[in-house]
Each structure stands twice: as C-alpha cells, then as structure tokens.
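For the sequence shown, this note's numbering gives the first residue as -18, with consecutive numbering after it. For glycine and all other residues, C-beta sits at the position ideal for the given N, C-alpha and C.
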Amino acid sequence: MLGAVEHRSVSPVFVGRGRELAALTEALGRAGAGRPQALLVGGEAGVGKTRLLEEFLAAARAAGAVTALGGCPEVGAEGLPYAPLATALRRLHRELGGELEQAADGREGSLARLLPDFGEAAPESSDEYGRARLFEHTARLFERLAADRTLVLAVEDLHWSDRSTRELLAYLVRTLHSARVVVVATYRTDDLHRRHPLRPYLAELERLRTVQRLELSRFARAEVEQQLGGILATDAPDRELVARIHRRSEGNPFFVEELACCATEGCDVGLSDSLRDILLVRVEALPERAQAVVRTAAEGGSAVEHGLLAAVLAMPEDDLIEALRAAVGASILVPDPETEGYRFRHALVREAVVDDLLPGERSRVNRRYAEALEADPHLVSCDARAARLASYWYHARDAARALPAALHAGREARRRHAFAEQLRMLERALELWDDVPGEVLEGLRPYDHADESYPPCGCDPAPHGEGCGRLRFADVLAEATVAARRAGDRDRGLRFVKTALRQVDEAAEPERAAWFWLQRARAVRSYNGTFGAAELERARSLVEGRPPSAVQADVLGRIAANGMLDRPEPAHVGIAERAAAMAREVGAPAVELHALLTLGKLRCDFGEPEAGLAGLREVRVRAAGLGDPDLHCRAVNNLASLLEQLGRSEEAAEAAREGLELSRRYGMVRYNGALLAGNLAESLIASGRTEEAAALLAAWEDEVDGSAHDDFLERLAGELVLLRDDPAEAARRLAAARARIETPQPQKLLPGADLALRTAARTGRFDDVRTELLAAVDGGLPAGCDHYAWPLLTHAAAAEADSRGLPAADPGRAGMLDRIRAAAAPLSRAVPLYAGWALLLDAELARAEGRDTPAAWLPAVEALRGTGRPYPLALALLRAAEAHAAAGDRDRAGGLLREAAHEARRRGDAFLLREAASLADRARLPLDGGAAAAVPAPAAPADPVAALGLTARERDVLRLLALGRTNRQIAEELYISPKTASVHVSNILGKLAVAGRGEAAALAHRMRLFPEDAGAAAAV
C-alpha cells in the first residue's frame, strides 16, 4: 500500500453551514449533560455532508469527545450486515484499546457477531431472540463507553445501508436514554425514490423527541465565490469565472470543486457537457495505466484493499504504485486506512467511472475479483468475505458459482442475526436456481435446517433415498420462510410458503408439506384472528397416524398452545401431553419444552394447579440447562403469570423479578422485558404496592415503543389512574391499550372489559357497563380465565346494585343478573381468592336485588382476609360496613369501615377512601380509630344532601336529575326556566366534583341521598 502521498486538498476552506454546525455543536452539549441526541443530515450528492461531518467530528474531538465514523458501502455489500458499525467499533478499538474490551466484558461472545475482533462468537440459536440480545448488548456497550465521556457515533451514506444496520441504529436511538451519546447519520436526498426503505425509516425516527433532521441546501453565489477563493488561493476570484461556475454547478459544492480544477488545469469543459463528463475529465487525463487501476477499483466496492486490487490487476508492483500515486495525486482515489486500501474521493466519481464501463468489461472485472478472493480469502476481512464473494460472482454472471456463494453469505448473515440480509441472499439463490447446472445442484448439501422441526428429507424414517441428503429448492424456501419471519416480513414469508405448497407433493412428502402448513398458520394468525386453526388442522391431517416426527410434535404443540390462548378445552391437555412425549422420543428438546409450557398452563386451567406449577418449574430448570434464553425467560414469565392468577402475588412478583433479571442478562429486555415488567407491576398492584408499581411503569414508558406488549402496560397504567379516581384518564389509557392489541386473547380482552366496566360505572354510564359485560360473556367465558372472570362479574353486579332505582337502568336488570349468575356458574372456587370473589359476587347480587343483609357480606370478608390482598377485601369491608350501619349496628359498622379505609389507604385507592369518608359522614362513624361511643348517635338522621353543600333548590334539582329528568323536564316540574335549571345542574356538578349528569345520578344513588325515590322505584 502507498505510504504518505502528496495530493492537493481540493477545497481547503470550510464555507457556510454555520447554522448546521451550530445545531450539531448544541446537540453535543446536550449529550454531554446526559441527554443523548440523534441527528439526520440529508442533502443531494456532493452538497457537502461529508465535509460538514468532518468539521463537526474535529470540533467534538477538540472538546474532549471520542468519535467513531463508519460508512455504508455502496457496492459489493449485498448481504453484508452492520458494516458501518463494525468499522466504527474497529476505529474505537484502535483508539481506546483495552477500554473497549473492558466495556464489552461479559458480552464478547454476543458482540463478536458484530465485530469479529471480540473473538469467537458464543454458540447460541440464530433466531430473533439472539438478534434481540445482540442489539441489547450493543446498546450496553455504548452506554459503558460513554460513562465518563461523550461519544459521537457517525454513520455516512445511510441511503446505502442494510436493514440490520438501520434497525440497530434505531434501537440505539430509542434505548440510550441517559447515555452521553450523539448519533449522526448522513444520507442522500436525491437517492430516496418513493419506495426507498429509508423514507419510512426517517419518518419513524423523526417522531422521537431526541432526533433532529437537518437538510443541506446548495450554495448561493456568495458562498460559491468564497469556495472558489479558497480553492484558487485568492481573495478576489474572477467575477466572470464565479458566475460561470455558479451557473454550471447550480451551487453544488462538489461540482464547484471539479469545475474549478478543470478551469485551473486547462481542461476543455464546455457548458453543454454533462456532469458525468465533467467528473470523467480528470480520470481521462490520467496515464493509461492509472486509468486501468481506477476502472478496476470502481468495481471492487466502495473501498478496495490494496492486496486484493494488486491480485486482480496482476500488475508489476512498481507499475501499480506509480499508477496509484497518479490517481491519489489527482484526488480521484484517497488512501483508506480502515481497509489498508483505497476509496474514491467522492462516490459520484466512482459512479461515473462504473457507468462508463462496458457490460462485458464489468462482468470480467468482477470474475477476476471473485477468483482472486477465492484463491486468497485473507485479502479481505473475515466478516465481509462471504458477502463480497457472493456479490462478485453474481455480477460476474456465473450462476453456478454465484448460487453456492449466495447460500454461504446467507448463512453467515444468519449467524450474525442479520435476518434481512440472510433473506436477501436466499432470494438471490432462489432467483439463480433454474440457471444452475444439475450437477452443481446435486452437489449442494444443507448447511443447517430451517428450524428444529423441519424434516431433513421427505422420506419416512427408513429407508432413505439416494438423493435425500442434498439441498433442494424447497429447503431454500424453508430457510427463506423462517428468515422472513425473523426479519418481521410476514408478507414475504407467506409468499414463500405458498410457493412451497405448490411445489411440495403432499402425498410423497407429507412431513415437509405439514411443516409448510405450520408456517402458514404462524403467518396468518395475526391477519384473521383465527390463530391459523384451519392451516394447523391441514398440517395435522398430513402427519396423523404417521411415525413420530419433530414436525408432528410441533404441529400438536402449536394446536394445544393456540387452544390455551383462545378457548382451552380438556382435549388440549392430551394434545399437549402427546406433543411433549413425541418430541422427547424424536430428540427435539425445544419443541418438547414449548409443549410442556403449554401443558403446565392447561393443567392449571383444568383443576391441577400444583401439577401445572411443578411442570413450569421443571421447564425453567431444563431451559436453563439447554442454553435457550427464550425458553428460559418464557418459563419464568409463565410461572409468574400463573402464580398471580392463583392469587399468590408475592410469589408471582418474585418470579417476575427473576425473569426481568434473566432478560437483562440475556440481553432480551426489548423483546420480553415489557411483558415481565407488566407481570411484576400487576402483582405489585394486587399486593397493594401501587407506588412501586407506578414507578416501575413510569420507568418503562420510554422502553416500550413498538413493543408487542404495549397494550398490557397501558392497561395497567389505566388501573393505577383509576385508583387515583380519574376515570376519564383511565378511559383514555384503556382506549390506547385496546388500539394496540394485535391478537385478541381472553387474557387481554377480559381485564380490559373489567377496567372499561368500572370506568363506565364511575361515570354513571350504566348502559355501557352492560354492553361491556355482554360482549365479554357472549359465547361463554373460556376455561382458565377465572382470575379475570370473577372480578368482571362482581363489578358488573356492583354496577347493577349502584344503579338500582335509576329509571333508565331498572328495565333489564333481572335479565342482566341472570346472565351474571349463568356466567359464574362454571367458574372455579377451588382457589381461596376465587372463593372470596364468589362470596362477594353473591352479596353484590343480593344488593342489586335489594335483599342484602350484614350476614351476606361477612363470609366474603372472612374469606378475603386470608388472601393477603387489600382488594377486593376493602370493597367487601365497605359493603359490610354499609349493611351494618343500615341495620343500626354502629359499633360493628365503625370497625369494618375503619378496616376498609386502612386497606384502601394501603392500596392507594382514592375512590374507596372517598366512599368510606362519605359513609362515615352519613352514619356519623369515626375513621380515626376513636371510640364509636364518643360520637353520639343522632336523634334524627342527618341530611346527607346538606352535608354536600347543596342548597334546597339544588337538592330538588339533584333528586329529579337522579330520576333521569332532562333540564326541560326539571324546569317544568319546579316551575323554573330551562336556563335556570341548566345553571343549577352546573353548580351541582361542580359541588359534587363529577364530570357529568350520569356520574351525578350514580353518586346520588350510591350514597342513598334519596332513599324514598329508590324504594318507590324498586316497588314499581
């Protein structure tokens, strides 16, 4: 390679861009204060993005920041993931040395997939969970590097980036919440056609509050004059030359440079020449040998190694060095220390040179590159080798060599968890397949199977056919199907499946056909809400009665899992048992453990909770031994969820904490951390530790953007808001949660219906309460949903009781109560928590029918005390206190009320505390622990309406409002104007601190402000 080479800096003066440089500098300052920043710098080719970035990086280094720059390669990089980030990390390694290794400590095995310099990649499954770990470990690496300094990560030419690079950059921008990091990326605006993948990517990033988008414009005439002055080393460039170059370049700084060089070197460039011709003028002015070097380098890639270029040219070393010196001296090529080779000074020059090559010339040069690289693979870095070779053979138009190279590049991308790039190589292999000679195809062998259950051949277990060990077109389709799913491209995956199902003979290869039907079920489950039931049954019919196989076990396990999530039946237990046994028999441990996870939950659903819990604990241990992080986290998560459903909230919280720690250790927080955090928050809320739950959810607000479990956390936030007695905000949170549900499942729908029902009841919308309940119980409640069903039914019965006496709500009440009883009949009462809910439901049903007594509530109170949960114990205590107060037992009522207030306070339940205070005021009961005897019983019942601060007229208006009267009807009955009635209603709403008429009516009935009206209504 060349040493120091003298060459002229084309534009020594940095012109303009003061506003943009200031924006970058200000972002650097904010990042230094712990507020990470991201800036997207766009502009047409040649407008000065690289020069601006160079100036900023120099200023950042001068300010004490550490900088790392990587560029996205334009050519020779199909299937090469993470190239700019690998380049940036190599530069950091050279600068920081041991500091980078220390920051990567404990994560080297994962990070080696990004940068092989970290050593051997740790053995782990190449799936979407491995990708999640890689992304998380990369984020933690940058956090550690920026712990005591500001770090600038710059990526050039994002318009050429691979999808994995874009996704990893977006992950960093989203997750580095307090790190001292600045991410800067440049891109060409003139390359972004309507369907360019960068367009939606930029729009998505720009929505984040830490992201700024800058766009560079062309130079005005004054800036062109300043630039020319620097190039020509004069304070007063010729005015005619300035005008001519400004007009010809249209203010593009790079073209200004090229035109200035042509003018000073006497090149004959007229105003009619194309810009491409202008860019080629200085190339054509080189010696012939140097021109040959430049043309060959242009096909080598965005940068080409010296050794590889020398091997391709096969030129005497002295002649090669002489030619390279000429090209570098003319500022056409520049040395590239990263590759120990060369790159073009600007991509526009390389593009012009490539466009000038003849088609045959291009394929010949690419063949020479491929042959040189095959002869000596060490000519390029190991992480780029497979992708570069695949690109060279493809552009050499040699299908027989390009197909194996594409398959190998795809496997290397999969090993690095870059599934979009793997998919691109597999699609290329499918494209080339028909052009490859048969003898070459017969020699291809599978490198790895698509997944654990994919059948290695289409034969029965024995005997195997002569050609069953070779790679077939269907095998490539299978790999592409899985790659598409892991890359999040379900549409393309479904297309591959449909192609395979047209090609695979179901009669001759039933296992392989069943596998593709299983993949089709996975692809369509999110589209039509059927969980792919028809596709799974088709797969099952193909393998039913055949010898045991991994695919048959996988199909059975998926059928059982879908049943568990949708509507579990006793038959699903047997299906899950059969799937686990078969997987164990054929040696498919991952399929077996997934089936056992399903089996554990199903056993709990059908009355064997201890057996189910034991099964999940076994899976937890075995998954850890298997080294499968996804299975391990799933087992712990399911255990936490199941413990919570059984009312064992403290154990559930402990398991959820374990799961979160595992998720962090495995680097899977962005994949499953939200679900585990939600399970933990749910258990904390149930235990009465609502402040801890609120802090946990607040910490996750920035973490869950785009997570599959956003809806779960949003609903839990709604629960906390409702505890603070803000039903309007709770309703908003619930609406947001429901909008984010991708797959409707009972575990999502039923708790959402319960929250909606309670929110509606608080605001007097009793018709909405009934609508929510009927939608939830229509068709019967699924088995295994008792944890969600008991509260839902109890709160629905309570709403019916609260609305008793409301004229609009009384019709249909008997039918609703019958529906509630019918829905509750098959629910389990075997769990102590369920038994307590059942007793509470019985009492609420009695209250709704006007026949509750103190004796109706006390069994529920005693049963719920044993659960250790403040709720629904607080509700049962409050209702028991009301019943005892109504019966005249003030001493017992006071004790129950104080206990209810204590439990409500422990839970942070503002609504129940307000209800308790209201009852204390109405019944003259102390809430401060003083003796009930200290408060003399009133000679006559106190007027609760007066206690609310209402005037006599407002009392009359409230009574009619509670009976469902309109403002006009109120006006007619009280002989006042409708406007006056409206003013009274507004005053009442303000004094009662409620949002609307329905809520005011509900409050009046709940507080029994007008018992004579309720009695009359009940008697009707």
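- Going by C-alpha positions, L973 is about 18 angstroms away from L703.
- In the three-state DSSP reduction, Q272 falls in the helix class (H, G or I).
- DSSP places Q18 outside any alpha helix (DSSP H); the residue lies instead in the beta strand (DSSP E), whose first and last residues are 18 to 24.
- Assignment of P316 by DSSP, reduced to helix, strand and coil, places it in the strand class.
- Bounds of the alpha helix (DSSP H) holding V330 are 328 to 336.
- In the DSSP annotation of this structure, the continuous segment of the alpha helix (DSSP H) that includes R739 starts and ends at 727 to 743.
- Your pair L134 and V164 checks out as a contact, with CB atoms roughly 5 angstroms apart and the cut at 8 angstroms.
- Going by DSSP, Y168 is part of the beta strand (DSSP E) stretching over 162 to 169.
- With respect to the 8 angstroms criterion, A557 and A534 are not classified as neighbours on the basis of their beta carbons.
- Per DSSP, reduced to three states, the secondary structure at V485 is coil, with no helix or strand assignment.
- With contacts defined as CB atoms closer than 8 angstroms, A857 and L814 fail to qualify as a contacting pair.
- Distance between G849 and R721, taken at the CA atoms: about 33 angstroms.
- The DSSP-derived three-state label of T215 is coil.
- Runs of the alpha helix (DSSP H) lying entirely within the region 277 to 311 and spanning at least 4 residues, in chain order: 287 to 294, 298 to 310.
- When only Cα atoms are considered, R11 and Q18 end up about 7 angstroms apart.
- Counted as a single uninterrupted DSSP element, the beta strand (DSSP E) harbouring T48 occupies residues 47 to 52.
- Linking L499 to A465 through their CA atoms gives a straight-line distance of about 15 angstroms.
- Of the other Cβ atoms in all chains shown, 16 or more fall within 10 Å of the Cβ of H613; this residue is therefore buried.
- For the pair S283 and E55, the CB atoms are nearer than the 8 angstroms cut-off.
- Around the CB of A93, 16 or more other CB atoms lie within 10 Å, so the residue is classed as buried.
- P792 counts as exposed, since fewer than 16 other C-beta atoms from the protein chains shown sit within 10 angstroms of its C-beta.
- With 16 or more other Cβ atoms inside 10 Å of its own Cβ, Y769 counts as buried.
- By the 16-neighbour rule on beta-carbons within 10 angstroms, P807 is exposed.
- For V136, the enclosing beta strand (DSSP E) begins and ends at 132 to 137.
- Here P65 is not near G87, since their CB atoms are 8 angstroms or more apart.
- W496 is positioned such that its CB atom lies closer than 8 angstroms to that of V532.
- Closest in C-alpha terms to A461, from the list P436, G424, V417, R409, comes R409.
- A straight line joining the alpha-carbon of P590 with that of E625 spans about 12 angstroms.
- For F512, the three-state secondary structure derived from DSSP is coil.
- The continuous stretches of alpha helix (DSSP H) do not include F99, and DSSP gives it neither H nor E.
- In the displayed model, E880 falls within a helix according to three-state DSSP.
- Cα atoms of I969 and R739: separation of roughly 23 angstroms, rounded to the nearest angstrom.
- Beta-bridge analysis with DSSP links Q193 to L20.
- A contact is defined here as three or more CB-CB pairs under 8 angstroms, and the region 283 to 297 meets this definition with respect to the region 341 to 351.
- For Y63, the three-state secondary structure derived from DSSP is coil.
- In the three-state scheme derived from DSSP, where H, G and I count as helix and E and B as strand, Y956 is classed as coil.
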